[in-house]
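Written out below as structure tokens is the structure these notes cover.
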Amino acid sequence: MLILGIESSCDETAGAVCKDGVILSNVILSQEIHCKYGGVVPEIASREHDSHIISIVDSALEKAGITYVDLDAIAVTYGAGLMGALLVGLNYAKGLSIALNIPFIGVNHLEGHLYAHFISYPDMKYPYLCLLVTGGHTQIWAVQSAGNYILHSSTVDDAAGEAFDKGARILGLSYPGGPEIEKIALKGDCDKFKFSIPKVKNSPLDFSFSGLKTALLYKYADMTPDEQKDNIHHMAASYQEVILKSLFTQLRQVVKKSEIQQVSIVGGVAANKRFRELAQSLQAETPLNIFFPRIEYCTDNAAMIAAAGYEKIKNGLFSPLKLKAHPNLSLDEGTVV
Ligand code: KG4
Ligand code: ZN
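Going by the working numbering, the sequence shown opens with residue 38, and the numbers climb by one from there.
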């Protein structure tokens, strides 16, 4: 079964083709225009999607060696995300579905992230914990079975990706901040500056990142321009380390509570190589088994949408043409059919 995946929820316009769950192509256009604004500008994102969606989908089909008429179905993100951005992908998918007379399915973007690791580990067994770390979400879910999710932990303020983005802005780096901080942290000493791991009062399993960002702001603003220049790498390394350590601290508590030792870590922040190194050390000390998707399937992409769509479609699930975009969709709302 050949499925076209389309993703346009934020600032990546993406198309991918999967054949029976195997990814044949994965084309992503990251909208660099937002860098100069320090974050995604929703109206510009919608316009950029509108300008590129057709060529991105054409390129995904070409790379997969197929044409439109070979497709059996279309999987498309319908939430969560920016309304205008979602509408571009969703309406394009609906148009194709009518023109080609093939079904389509709306996929929950967060469920797409969750399915990203099945592309590399199709035989992963339930139950497992999923640490979902994106620009808008930081949550730990117990995945009991396909589509059956229980929330154990979430952030009470900023998401981890947002902490990277806001931290990068404070350090004068560009958007998205995660890869920028990761890059300069390579030359820094992560023990040079002390940041304490945030704790949420009366909610020991939850995350909080907004105080960290403020601590970074004060420490950095307290320095002279020369000190800033000499220390920016150490500051980035120390800040990155505390964000990642906080993720592992809460994860260990959820592991203890749930007694589930298998963990997948997904979403844009999971692309971070230091994150993967720390996970390896943790695995060496504990009975935990930690899985990451391949790096290109961590940040927003359409391969994960096609893969999630395939799981739904093979179980006979499709969406009606009246399916609306849902900007605030949660993971436990799954896929609306
Ligand atoms: O999953 P994603 O691509 O989009 C959302 O669904 O939000 O995640 C984007 C977030 C951004 O905050 C970005 O700074 C962060 O993931 N990110 C990273 C890295 N690559 C992307 N954070 C840390 N290290 C990275 N290498
Ligand atoms: Zn995402």
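Glycine included, C-beta positions come from ideal geometry on N, C-alpha and C.
Buried or exposed by the 16-neighbour rule on C-beta atoms within 10 Å, applied to residue i
i           : result
residue 235 : buried
residue 321 : exposed
residue 163 : exposed
residue 59  : exposed
residue 213 : buried
residue 352 : exposed
residue 345 : buried
residue 45  : buried
residue 186 : buried
residue 192 : buried
residue 332 : exposed
residue 358 : exposed
residue 168 : buried
residue 171 : buried
Where residue i sits in the DSSP three-state scheme
i           : result
residue 363 : coil
residue 350 : helix
residue 204 : helix
residue 211 : coil
residue 232 : coil
residue 280 : helix
residue 104 : coil
residue 355 : coil
residue 46  : coil
residue 52  : strand
residue 297 : coil
residue 66  : strand
residue 285 : helix
residue 303 : strand
residue 325 : coil
residue 340 : helix
residue 223 : coil
residue 94  : helix
residue 59  : strand
Pair within 8 Å by beta-carbon distance, residue i and residue j
i           : j           : result
residue 329 : residue 313 : yes
residue 27  : residue 200 : Residue 27 is absent from the model: the chain starts at 38 and stops at 374.
residue 245 : residue 237 : yes
residue 249 : residue 291 : no
residue 275 : residue 229 : yes
residue 54  : residue 91  : no
residue 40  : residue 51  : no
residue 49  : residue 67  : yes
residue 141 : residue 356 : yes
residue 253 : residue 204 : yes
residue 83  : residue 117 : no
residue 149 : residue 342 : yes
residue 101 : residue 43  : no
residue 287 : residue 326 : no
residue 27  : residue 347 : Here the chain has residues from 38 to 374 only, and residue 27 is not among them.
residue 270 : residue 207 : no
Nearest candidate by alpha-carbon position, reference residue i, set the options
i           : options               : result
residue 178 : 166, 60, 276 and 282  : 166
residue 136 : 333, 366 and 106      : 106
residue 239 : 190, 116, 145 and 58  : 190
residue 268 : 83, 209 and 115       : 209
residue 215 : 202, 222 and 206      : 202
residue 161 : 174, 180 and 170      : 180
residue 85  : 273, 69, 192 and 195  : 69
residue 79  : 364, 145 and 297      : 364
residue 336 : 327, 278, 354 and 309 : 309
residue 120 : 145, 47 and 182       : 47
residue 113 : 81, 196, 307 and 146  : 146
residue 302 : 94, 73, 157 and 354   : 157
residue 317 : 338, 281, 255 and 266 : 281
residue 197 : 285, 294 and 89       : 285
Near ligand 3: residue i beta-carbon under 7 Å from a heavy atom
i          : result
residue 42 : Questions concerning ligand 3 fall outside what the structure shown contains, since the ligands it does hold are ligand 1 and ligand 2.
C-beta neighbour in chain C for residue i, strict 8 Å
i           : result
residue 110 : Protein chain content of the structure displayed is limited to a single chain, and chain C is not contained in it.
Beta strand (DSSP E) runs wholly inside the segment 237-274, at least 3 long, in chain order | none
Every unbroken alpha helix (DSSP H) within the segment 112-137, with a cutoff of 4 residues, ordered by chain | For the segment 112-137, the continuous alpha helix (DSSP H) assignments of 4+ residues that do not extend past its boundaries occur at 120-137, in sequence order.
Just list the alpha helix (DSSP H) runs in the segment 126-199, keeping only unbroken ones of 4 residues or longer that don't cross its boundaries, in chain order.
-> Scanning the segment 126-199 for uninterrupted alpha helix (DSSP H) segments of 4 residues or longer gives 146-157, listed from N- to C-terminal end.
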